[in-house]
Amino acid sequence: MDSSSVLSDEDYDVISNPGQRSLESSIADLHHIPALTTYELPPSDAAKERLSTVALSPVDIQAYVQNALTTSSAGKFPRNNMTLRVYVDGVFDVLTAGHAHQLRQAKLSFPSVHLIVGVLSDEQCRAHNTTPHFSHLERCELMRHCRWVDEVLYDAPWTVNDRFIIDKRIDYLALEEGSSVNPEFDKERLKGYDIAKRLGRVLPTRMTTGLTAAPLLVSYDASKDIPPFRELAEMVLEQPGHNTYTHPPPKTSTTTSGLEDLGAMEALEAMSNELAERCARKQRQPARG
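Reminder that position 166 of the sequence shown reads as 166 in full-length UniProt numbering, one-by-one numbering, no gaps.
So, in structure tokens, the structure goes:
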């Protein structure tokens, strides 16, 4: 996307008020429903003490965004009583308190916001050296049930461009401060945000500090763990003078303290079964953060 293809102010007027009609009528054309008013539970004192963005009120958030857009060379703070369409995208593989507070800030950036969340697909993630632990369907469901989200975009592009902004009638893209200098943030995705930023169509959300580091999730594949035990057992059985067992190995978990009473094949099978059960239990445990 070169500089000649970016949005001009005239183009942006078409996004916000196509055909000189109200934004509400445009949203109706897209079969959207008005955003519901969400009741927000107050944060605990411990959360306010530890997490930096917990105590931000809607007034605080809107004042911060207004100042950022006013000081931007191309920024324009919108007129009052306008419902603005704000877009946030991401993988959202593990929903953390940091994600929740970014979505909250995006939703409360203006008095009336229709918040759209784009969830990047499994194929896109793998193509950019990222393998989500949870499927695209589950990640979309997670976003669908978030109180701040009005719309989930299931076919979100990896890199936003002017055509996407026009087609989805997006007024602002929310981007967490520090993303442009974060070495872990994908540079290709940043290109689209850099162009939107020059147009004044990116609003900042403040990073939440004090968070626990997200766990490193590794998918368990039993087929990769159990065969070495079986291969070793087969090697044992091939040894001269070894007597094969005459009954099937136990189906339930056996503690290592009882392995000395089993034959070699049975002991190895029991170890294999126990390993698989342990990994399965870990998979069923909810991840922290």
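Note that CB positions come from ideal geometry on N, CA and C, so glycine has one too.
None of these values were measured; they are calculated from a predicted model.
DSSP, reduced to helix, strand and coil, places residue 88 within a strand of the structure shown.
In this structure, residue 109 places its C-beta atom within 8 Å of the C-beta atom of residue 203. Counting only runs of at least 4 residues, the region 150-222 fully encloses the following alpha helix (DSSP H) elements, listed from N- to C-terminal order: 162-167, 187-198. Residue state for residue 136 is assigned as helix, using DSSP reduced to three classes. In this structure, residue 192 lies near residue 161, with their beta-carbon atoms less than 8 Å apart. Spatial neighbours of residue 117 in its own chain (CB-CB distance under 6 Å, excluding positions within 5 residues in sequence) are listed in chain order as 88, 143, 149, 152.
In the DSSP assignment, residue 115 falls outside any alpha helix (DSSP H) and within the unbroken beta strand (DSSP E) covering 113-119. Distances from the alpha-carbon of residue 41 to those of 81, 91, 104, 61 put 104 closest. A straight-line Cα-Cα distance of about 19 Å links residue 62 and residue 98.
Per DSSP, the unbroken alpha helix (DSSP H) holding residue 60 starts and ends at 58-71. Counting along the chain, the unbroken alpha helix (DSSP H) around residue 99 starts and ends at 97-107.
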